[in-house]
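Note that my numbering has the sequence shown beginning at 3, numbered continuously upward. We treat Cβ as the ideally placed atom computed from N, Cα and C, and that holds for glycine. Just so we're clear, the structure is a prediction, and the values are computed from it rather than from any experiment.
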Amino acid sequence: MSDMRETLREDPGNPVFLEYAQTLIDSDKLDEALGVLLSGLSHNPGYHKGRALLAKLFYIQGYTPFAIRELECLLESLPENQSIKRLLQKFGIKLSGLAGLPNDTDSRPEIKSEVSELKEIPASDIIQDTVAEVELDFDELDLLEDDGTS
Numbered sequence: 003m004s005d006m007r008e009t010l011r012e013d014p015g016n017p018v019f020l021e022y023a024q025t026l027i028d029s030d031k032l033d034e035a036l037g038v039l040l041s042g043l044s045h046n047p048g049y050h051k052g053r054a055l056l057a058k059l060f061y062i063q064g065y066t067p068f069a070i071r072e073l074e075c076l077l078e079s080l081p082e083n084q085s086i087k088r089l090l091q092k093f094g095i096k097l098s099g100l101a102g103l104p105n106d107t108d109s110r111p112e113i114k115s116e117v118s119e120l121k122e123i124p125a126s127d128i129i130q131d132t133v134a135e136v137e138l139d140f141d142e143l144d145l146l147e148d149d150g151t152s
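What follows is the structure, encoded as structure tokens:
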């Protein structure tokens, strides 16, 4: 852990902040993990896995609105990501009103199709999962960025 701290002292945006923050979360040092994630993301805001872990940490700490905000930010960057969409739906979020999914979808037929499918889901059919199931969904969030581009 001291190696990771040293790396982050020299380069606060180094992607190792993700591993370090996860180690802190696993050690129940949630406030310290929050600081590491916020610092890392302020230097490397496009690192999607860092933003996903921040969303999960907010959720763990009971700050669900902040977790949702981070997931919405991820969806704006990754509008085709189905696992983010599913997780937001489990929070009861309608996807058609998000900035990444404009209401005027005529110019983007692929979004129009997805949005119309989502609008057809009655509110009563949205799954209200238990906390454990939502946490599992966070763990399975697939961001497909292992190519080192973010």
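DSSP places residue 82 in the coil class of the three-state scheme, outside both helix and strand.
By the C-beta criterion, the segment 25-34 is judged to be in contact with the segment 57-65, since at least 3 inter-stretch pairs fall below 8 Å. The Cβ atoms of residue 56 and residue 40 lie closer than 9 Å to each other. Around the beta-carbon of residue 72, 16 or more other beta-carbon atoms lie within 10 Å, marking it buried. Taking each of 10, 26, 69 and 76 in turn and checking the Cα distance to residue 45, the smallest one comes out for 10.
Straight-line spacing of the CA atoms in residue 82 and residue 7 works out to 34 Å. From the listed residues 75, 98, 38 and 87, the smallest Cα separation to residue 24 is found for 38. Between the alpha carbons of residue 21 and residue 96 lies a gap of roughly 32 Å. The straight-line gap separating the alpha-carbon atoms of residue 92 and residue 13 is approximately 36 Å. Taking the Cα positions, residue 5 is about 14 Å away from residue 26. Taken through DSSP and simplified to helix, strand or coil, residue 61 comes out as helix.
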